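Numbering-wise (UniProt numbering), the sequence shown opens with residue 1 and increments by one.
Using N, Cα and C, we set each Cβ at its ideal position, and we do this for glycine too.
Please read these numbers as outputs of a predicted model, since none were measured by experiment.
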Amino acid sequence: MKKLYVIVPTVATVAFAAFVYWTAAPNPWRTLDCTTNGSNQCEVHHTAMEKKKVAVIYGLMAPEAWLRNHLRKEINYLSFSRMAKKEFPHARDIVFGGCEISNTSPASAYLYVCPQCVNALATKMKVSFEQ
1 MKKLYVIVPT
11 VATVAFAAFV
21 YWTAAPNPWR
31 TLDCTTNGSN
41 QCEVHHTAME
51 KKKVAVIYGL
61 MAPEAWLRNH
71 LRKEINYLSF
81 SRMAKKEFPH
91 ARDIVFGGCE
101 ISNTSPASAY
111 LYVCPQCVNA
121 LATKMKVSFE
131 Q
């Protein structure tokens with residue numbers, strides 16, 4: 001007859017596991033490099049882009065609410081997103097890290113940022129804000 005061993009976690013083990021799970025935070029010494037497979041030339045403006053260190057943001061994003069708050073009017077996120085990819089694809093100053101976070105998740109990332117894309121986005125946001 002085989003013996004069945006049951007492992008019963010102690011209160012301390014469960015408390016420690018909960019502590020590790022709930023205190024998970026991005027690792028400030030870990031940086032994601034998003035520039036390794038891409039060109040440093042902007043395909044829209046045909047200029048050299050700058051390598052920039054940006055923050056990685058974790059959690060569920062609500063792009064429609066973000067646009068409403070920043071533009072102060074209703075706007076279709078999909079149409080804005082499509083337009084942004086065509087007119088200023090390298091204007092991002094953050095990286096979305098997803099919903100799950102652990103102690104090995106990076107806190108920052110390197111991106112190629114086009115100064116002309118940033119200016120085009122600022123102009124578009126200003127025009128949209130004033131309307």
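The DSSP-derived three-state label of L60 is coil.
Judged by beta-carbon spacing, V56 lies within the 9 Å limit of I94, meaning their Cβ atoms are closer than that value.
Inclusion of T36 and K53 in the CB contact set at 9 Å is not warranted, their separation being larger than that value.
Taken through DSSP and simplified to helix, strand or coil, T31 comes out as strand. In the three-state scheme derived from DSSP, where H, G and I count as helix and E and B as strand, P106 is classed as strand. Within the same chain, G97 and I101 come within 6 Å of Y58 by CB-CB distance, once the 5 residues on both sides are set aside. Between A84 and C114, the gap from beta carbon to beta carbon reaches 9 Å or more. Excluding its 5 nearest sequence neighbours in each direction, S108 has C-beta neighbours in its own chain below 7 Å: T31, K53, V54, A55 and V56, listed in chain order. Close CB contacts of K86 within its chain, under the 8 Å cut and outside five residues either way in sequence, are with V44 (chain order).
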